[in-house]
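A.B. asks:
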Amino acid sequence: MKRHDLYVQLISELANYLLRNNPKKMVISLHLENDGFHIVAIDDRYHSDEEIAEIEQGLKMHQRPELASYYGTMLGRDLLGDARLELIGYHVKGAKVEKIPEGGIMINLWVGSDDFNPAMFTIDEKA
Amino acid sequence: MEQPKTLNAFMLIVLVFIFLAGIIEGGTQAILGFLQLQITPARLVSDFIAIAGVGSTLLNVSTVGFLGYGFLAINKLRLTGASLAALFTMMGFAFFGKTPFNCLPIMLGVSFSALLVRKKPRDYALIAIFGTAMGPLITFIAFELGVKSFLALPASFAIGLGVGLILPPIAIAMLRLHQGYNLYNMGLTAGFLGLFAASLSHATGADILPIEIWGTAHSPILVALLPIVLLIALFCIVKEDPKNIVALFRHAYLDFRKILGMSGRLPSDFSDFVSTKGAFLNMIVLGLSFWLLMLIIEAPFNGPVLGGLFTILGFSFFGKHIKNVFPIVLGIVVAIFVFDKDLYEPGPLLAILFGTALAPLSGEFGPLLGFVAGFLHLVIVDRTCFWHGGMALYNNGFAAGLTATLIVSVIDWYRSSKVANKVE
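Chains as they are written, first to last, in our numbering: chain A, 502 to 628; chain B, 2 to 425.
#1: Are three or more beta carbon pairs between the stretch 268 to 284 of chain B and the stretch 190 to 198 of chain B nearer than 8 Å?
#2: Check for me: the alpha helix (DSSP H) holding Leu511/A runs from which residue to which?
#3: For a contact meaning CB atoms closer than 8 Å, what does Leu267/B contact in chain A?
#4: Determine the chain A residues that contact Leu127/B at a beta-carbon separation under 9 Å, and present them in chain order.
#5: Look up Leu531/A in the DSSP assignment and say whether it is helix, strand or coil.
#6: What are the residues in the stretch 116 to 144 of chain B lying within 8 Å of chain A by C-beta distance?
#7: For Pro169/B, count neighbouring C-beta atoms within 10 Å of its own C-beta (all shown protein chains included) and say buried if the count is 16 or more, exposed if not.
#8: At least one CB of chain A closer than 7 Å to the CB of Gly163/B: is that the case?
#9: Please confirm if Leu8/B has its CB atom under 7 Å from at least one CB of chain A.
#10: Quick test of your reading: Phe89/B and Phe311/B, contact by CB under 8 Å. State the CB separation rounded to the nearest angstrom.
#11: For His665/A, which beta-bridge partners are listed by DSSP?
#12: With a CB to CB cut of under 6 Å and the five nearest residues on each side skipped, what residues in its chain are close to Ile238/B?
#13: Tell me which residues share the same chain as Glu97/B and place their Cβ nearer than 7 Å to its Cβ, disregarding the 5 neighbours each side in the sequence.
#14: DSSP on Ala10/B, reduced to helix/strand/coil?
#15: Pull up the CB-CB distance for Ser107/B and Gly165/B, whole angstroms please, since I reckon it's below 8 Å.
#16: Please classify Pro211/B as buried or exposed, where buried requires at least 16 other C-beta atoms within 10 Å of its C-beta.
#17: Given Arg521/A, which residues of its chain have a CB within under 8 Å of its CB, disregarding the five upstream and five downstream residues?
#18: Contact between the stretch 154 to 162 of chain B and the stretch 363 to 377 of chain B: three or more CB pairs below 8 Å?
#19: Check whether the Cβ of Asp413/B lies closer than 7 Å to any Cβ atom in chain A.
#20: Cβ closer than 9 Å: which chain B residues qualify as neighbours of Asp583/A?
#21: With DSSP collapsed to three states, give me the class of Ala393/B.
#22: Can you grab the Cα-Cα spacing for the pair Lys240/B / Thr7/B, in whole Å?
#23: Taking 7 Å as the threshold (C-beta atoms), are Gly356/B and Ile333/B in contact?
#24: Asp506/A CB to nearest chain B CB: under 7 Å?
#25: Leaving out five residues on either side along the sequence, give the residues of the same chain with a beta carbon under 8 Å from the beta carbon of Gly216/B.
#26: How many Å lie between Leu105/B and Pro328/B at the Cα?
#27: Would you decide whether Lys419/B is buried or exposed? Buried here means 16 or more other CB atoms lie within 10 Å of its CB.
#28: Going by DSSP, what residue range makes up the beta strand (DSSP E) through Glu599/A?
#29: Give me, in chain order, the residues of the same chain whose beta-carbon lies closer than 6 Å to that of Gly364/B; leave out the 5 immediate sequence neighbours on both sides.
#30: Report yes or no: is there a C-beta of chain A within less than 7 Å of the C-beta of Ile173/B?
#31: Secondary structure at Leu16/B, three-state DSSP: helix, strand or coil?
#32: If you draw a straight line from the alpha carbon of Leu226/B to that of Lys597/A, how long is it in whole angstroms?
#33: Can you list, in chain order, the residues of the stretch 174 to 190 of chain B whose Cβ is nearer than 7 Å to any Cβ on chain A?
#34: Flag this pair as touching only if the stretch 116 to 127 of chain B and the stretch 337 to 352 of chain B have three or more C-beta atom pairs under 8 Å; answer yes or no.
#35: How big is the Cα-Cα spacing for Arg578/A and Ser513/A?
#36: Cβ closer than 7 Å: which chain B residues qualify as neighbours of Arg578/A?
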């Protein structure tokens, strides 16, 4: 899979998830680095602590190569039915979900090769 | 994430089967029967228990299970709900079609396919294990075509490798057709490939005659097999916290309730999403329900029926639960009566067990749609086996894939058109 395809699919699945809650505002940004990339998604809808815990659990499915290369190919393509954060979780190296003062949430995703170190990203620190 | 140790109980099941094989027929007899199974036509429906006896079949089942487990271990993959579903399916079909001889070339071929596109074999490990559904094709070329062994054996191995090489792209493409609403995606893949294999065979003049070896003999040990596995599952729950059994089962029950709320759409790994004990409890409830159903209707506990029950056990970790399979089974049973089919014929009976592949449709879109899916499934599964000449073992997966594709296409079109009209 081309890197470009993975950006599109990750963003598509993430947008699918956030849009199902009918937010009035949604912002998704992509930051590229040499050995990986960082996606930030923000919405303005209220999410309970329980909901946030569920999002984190879905995103922190841990890298599962046998699932990512097979079922993970549905990522961002097959959008009938509920959005599936676990498909994102199979691909990402790190995920963080937090509430923002405006009332919504900010989802941070880091994707990269084995050498990729999410701690090197400055965006997480700024947030 | 640390591998839940209780999932390793799978190996205990394999060892119990080897033990049973030894005491039922004696070691030598079981091995001789096992060797006979390697050269026996394996196309649908070939009940290995009727062909070689209980002990030899159990030896074949445990050897195939060990092969799958070893394959995961070599690839350094931990046991999860998804891999358990694959292993139980592999073992289940070793009661009527899979042998180490016909599984190995396909697994190697899929691994080569991964290397070809610069992936690791572990990336396609699930495709390799599920992909052994094409095993009968290898046995067909090796022992049914009538070609001399020195040509047929290498040719069957080479064709097995070739099939393995092309399985991943087809499996991924098929997944997009039904969007994860058919749990046996490899059934659709194998059926699709089987169509070409059977047509090619027909074109060369080697017509494939149907096989129907369907045992009806009653054996108490075969009836007891599933409860033995379920007892091991119960032991696995208790093992998590033996000092606090009441609280443990309360938690397991709560987790089981959570599982009942899930659609089961691929990939729904219940042991990852919820908990291992909840998934084991789901396995016990689902396994026991279908075992009792088979007892009540007095179905024969032969190879294919046991295969169906084992596949249900596996997918109780990966998509099936009593709430999403019930409407499907009801739809199939009603169709059996509406079309005046014989419940005890292989087709309808196996449809009840394997048609549960459509469970996610019922889980996501409701029981009514699940009922319709089950009804349609029975109509089509009656025909599909002839299309591929029994080359693809997951015939119900093939039919379920076609049914799911039909239903998903209509729902997708209806929903997207409705939304588009609203926007306009």
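Glycine included, C-beta positions come from ideal geometry on N, C-alpha and C.
None of the values given here were measured: they were computed from a predicted structure.
C.D. replies: Let me lay it out:
#1: no
#2: If you number the first sequence from 1, residue 511/A lands on position 10. Here the alpha helix (DSSP H) through Leu511/A covers 504 to 520.
#3: The residue you call residue 267/B lines up with position 266 of the second sequence. Chain A residues near Leu267/B: Tyr572, Met575.
#4: For this step, residue 127/B is matched to residue 126 along the second sequence. In chain order: Glu567, Leu568, Ser570, Tyr571, Tyr572.
#5: Position 30 of the first sequence, counted from the start, is the residue given in the question as residue 531/A. Residue state, collapsed to three classes: strand.
#6: Lys120, Lys121, Arg123, Asp124, Tyr125, Ala126, Leu127, Ile128
#7: Residue numbering aside, residue 169/B sits at position 168 when the second sequence is read from its first letter. Buried: at least 16 other Cβ atoms inside 10 Å.
#8: By one-based count along the second sequence, residue 163/B stands at place 162. No, Gly163/B lies away from the interface with chain A (no Cβ there is under 7 Å from its Cβ).
#9: The count along the second sequence starts at 1 and reaches residue 8/B at position 7. No, because no Cβ of chain A sits closer than 7 Å to the Cβ of Leu8/B.
#10: Numbered from 1 along the second sequence, position 88 holds the residue referred to as residue 89/B. Numbered from 1 along the second sequence, position 310 holds the residue referred to as residue 311/B. Contact holds; Cβ gap of about 5 Å.
#11: Beyond the ends of chain A as shown, which are 502 and 628, falls residue 665/A; an answer cannot be given.
#12: One-based indexing of the second sequence puts residue 238/B at position 237. Cβ within range, chain order: Ala253, Lys278, Phe281.
#13: Residue 97/B sits at position 96 when you count from the first residue of the second sequence. A quick correction: the sequence has Phe, not Glu, at residue 97/B. Cβ within range, chain order: Val46, Ser47, Asp48, Phe49, Gly304, Pro305, Gly308.
#14: As a working mapping, residue 10/B is identified with position 9 in the second sequence. Helix, per DSSP.
#15: The residue you call residue 107/B lines up with position 106 of the second sequence. The residue you call residue 165/B lines up with position 164 of the second sequence. Sequence check: residue 107/B is Ile here, not Ser. Going by Cβ atoms, the distance from Ile107/B to Gly165/B rounds to 4 Å, so yes, they are a contact pair.
#16: Here residue 211/B corresponds to residue number 210 of the second sequence, with the count starting at 1. It counts as exposed.
#17: Working through the first sequence from its first residue, we reach residue 521/A at position 20. Answer for Arg521/A: Asp583, Ala584, listed in chain order.
#18: no
#19: For the purposes of this step, residue 413/B is taken as residue 412 along the second sequence, with counting starting at 1. Interface residue, yes.
#20: Here residue 583/A refers to the residue found at position 82 when the first sequence is read from its first residue. Those are Ser264, Arg266, Glu365, listed as they occur along chain B.
#21: Sequence index remark: in the second sequence, residue 393/B carries index 392 (1-based). If DSSP states are grouped into helix, strand and coil, Ala393/B belongs with coil.
#22: Your numbering for residue 240/B matches position 239 in the second sequence. Your numbering for residue 7/B matches position 6 in the second sequence. Going by the C-alpha atoms only, they are around 8 Å apart.
#23: The residue given as residue 333/B occupies position 332 in the second sequence. The residue given as residue 356/B occupies position 355 in the second sequence. For Ile333/B and Gly356/B, yes; Cβs fall inside 7 Å.
#24: To locate residue 506/A, count along the first sequence from 1; it is residue 5. By this cut-off, Asp506/A is not an interface position.
#25: For this step, residue 216/B is matched to residue 215 along the second sequence. Cβ neighbours of Gly216/B beyond the five flanking positions: Asp48, Ile50, Ala51, Pro301, Asn303, Gly304.
#26: For the purposes of this step, residue 105/B is identified with residue 104 of the second sequence, where counting begins at 1. For the purposes of this step, residue 328/B is identified with residue 327 of the second sequence, where counting begins at 1. Answer to the nearest angstrom: the Cα atoms are 37 Å apart.
#27: Numbered from 1 along the second sequence, position 418 holds the residue referred to as residue 419/B. Counting Cβ neighbours within 10 Å, Lys419/B comes out exposed, since fewer than 16 surround it.
#28: Along the first sequence, read from residue 1 onward, the residue named residue 599/A stands at position 98. Element bounds for Glu599/A: 595 to 600.
#29: Along the second sequence, one-based indexing puts residue 364/B at 363. Here the set comprises Ser264, Gly265, Asn325.
#30: Sequence index remark: in the second sequence, residue 173/B carries index 172 (1-based). Chain A contact via Cβ: present.
#31: Taking the second sequence and counting its residues from 1, one reaches residue 16/B at position 15. Three-state DSSP puts Leu16/B in a helix.
#32: Here residue 226/B refers to the residue found at position 225 of the second sequence. Here residue 597/A refers to the residue found at position 96 of the first sequence. For Leu226/B and Lys597/A, the distance between alpha carbons rounds to 46 Å.
#33: Leu176, Arg177, Gln180, Gly181
#34: no
#35: The residue you call residue 578/A lines up with position 77 of the first sequence. The residue you call residue 513/A lines up with position 12 of the first sequence. Each residue's Cα considered, the two are about 8 Å apart.
#36: Numbered from its first residue, the first sequence carries residue 578/A at position 77. What Arg578/A touches in chain B: Arg177.
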